[in-house]
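Protein chains in written order, with our numbering: chain X, 2 to 117; chain L, 919 to 1034. Each residue gets a CB set at the ideal place from its N, CA and C atoms; glycine is no exception. What follows is a short report on a single structure.
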Amino acid sequence: QQQVKQSPQSLIVQKGGISIINCAYENTAFDYFPWYQQFPGKGPALLIAIRPDVSEKKEGRFTISFNKSAKQFSLHIMDSQPGDSATYFCATRTSSYQGGSEKLVFGKGTKLTVNP
Amino acid sequence: DGGITQSPKYLFRKEGQNVTLSCEQNLNHDAMYWYRQDPGQGLRLIYYSQIVNDFQKGDIAEGYSVSREKKESFPLTVTSAQKNPTAFYLCASSIAPGTGGRNEQFFGPGTRLTVL
Chain X
2 QQQVKQSPQS LIVQKGGISI INCAYENTAF DYFPWYQQFP GKGPALLIAI RPDVSEKKEG
62 RFTISFNKSA KQFSLHIMDS QPGDSATYFC ATRTSSYQGG SEKLVFGKGT KLTVNP
Chain L
919 DGGITQSPKY LFRKEGQNVT LSCEQNLNHD AMYWYRQDPG QGLRLIYYSQ IVNDFQKGDI
979 AEGYSVSREK KESFPLTVTS AQKNPTAFYL CASSIAPGTG GRNEQFFGPG TRLTVL
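In structure tokens form, the structure reads like this:
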């Protein structure tokens, strides 16, 4: 049972373009929505995260947009660069305050390729 | 430098053998996690531990075992009962659940296990 659906599976963007990756979730008890970036052969690293009390968070060229009513959140990469080529994972979590164990549930990932 | 180390980076195993993957962290984190990553499958949780001498099964615990005798160490044993063990294994850690904040999970560099 997949609790987080991520799309697309792969994405090719030209340098300078905008990359958009989407995730949809089912459990309304989720309270934390991070995005992780993973380069080949390496472990994932936290890129940016948002809580459901805000609709948007921006850090440099990376922005999370959050739509609580639609149960969707997305990652936007502005001015995409070849160095952004990596696999991106969205994730969600139920906090321990709501009876959860703070485990992360991951989407299946999006492989982004930014062409020069 | 603080961080998570995993060893070995590459591991080869013959069918029918048990093998243990090492994970050590010096971040003083209470919680530790093991994930399995297969192409196109995202990260799936095998086991997690929120405190020393205690651990819980994740979504795909069958054929795996763990121990948590020390705060900084969380070794994973892949037993001969695991039918398809070839995968990339990732260890992660985070501060104690329930302490609030974004409770970021930090990942190690991974161990690639291949069954011959």
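Rounded C-beta distance between residue i and residue j? I'm assuming under 8 Å.
{"i": "V14/X", "j": "V115/X", "result": "5 Å"}
{"i": "Y965/L", "j": "Q974/L", "result": "7 Å"}
{"i": "E57/X", "j": "I65/X", "result": "7 Å"}
{"i": "G921/L", "j": "L945/L", "result": "7 Å"}
{"i": "Q10/X", "j": "A87/X", "result": "Q10/X to A87/X, Cβ: 14 Å. No contact."}
Would you check if the distance between the CB atom of residue i and the CB atom of residue j is smaller than 8 Å?
{"i": "E933/L", "j": "V1033/L", "result": "yes"}
{"i": "T95/X", "j": "F31/X", "result": "yes"}
{"i": "S20/X", "j": "S75/X", "result": "no"}
{"i": "L47/X", "j": "Y33/X", "result": "no"}
{"i": "L1008/L", "j": "G981/L", "result": "no"}
{"i": "G1028/L", "j": "F992/L", "result": "no"}
{"i": "K109/X", "j": "Q7/X", "result": "yes"}
{"i": "Q1023/L", "j": "S1012/L", "result": "yes"}
{"i": "Y890/L", "j": "R962/L", "result": "The question about residue 890/L has no answer here: the residues shown for chain L are numbered 919 through 1034."}
{"i": "Q968/L", "j": "D948/L", "result": "yes"}
Would you say residue i faces chain L, with C-beta separation under 8 Å as the test?
{"i": "L113/X", "result": "no"}
{"i": "G108/X", "result": "yes"}
{"i": "L105/X", "result": "yes"}
Taking residue i as the query, report the chain X residues whose CB atoms sit under 7 Å from its CB, ordered along the chain.
{"i": "E933/L", "result": "Under the 7 Å cutoff, chain X gives no residues; its nearest Cβ is about 25 Å from E933/L."}
Counting contacts by CB-CB distance shorter than 8 Å, is residue i in contact with chain X?
{"i": "P926/L", "result": "no"}
{"i": "E1022/L", "result": "yes"}
{"i": "F930/L", "result": "no"}
{"i": "L939/L", "result": "no"}
List, in order along the chain, the chain X residues whose C-beta lies closer than 9 Å to that of residue i?
{"i": "Q959/L", "result": "K109 and G110"}
{"i": "S963/L", "result": "In the sequence under discussion, the amino acid at residue 963/L is Leu, which differs from the Ser named in the question. Those are K104, L105, V106 and F107, listed as they occur along chain X."}
**OP:** Taking only beta carbons into account, state which residues of the segment 966-993 of chain L come closer than 8 Å to chain X, listed in chain order.
**Re:** Here the close residues are Y966, Q968, Q974 and G976.
Original post:
Taking a cut of 9 Å between CB atoms, which residues from the segment 29-58 of chain X lie near chain L?
Top reply: Within the segment 29-58 of chain X, the residues whose Cβ lies closer than 9 Å to some Cβ of chain L are Y33, P35, Y37, Q39, G42, K43, G44, P45, A46, L47, A50 and R52, listed in chain order.
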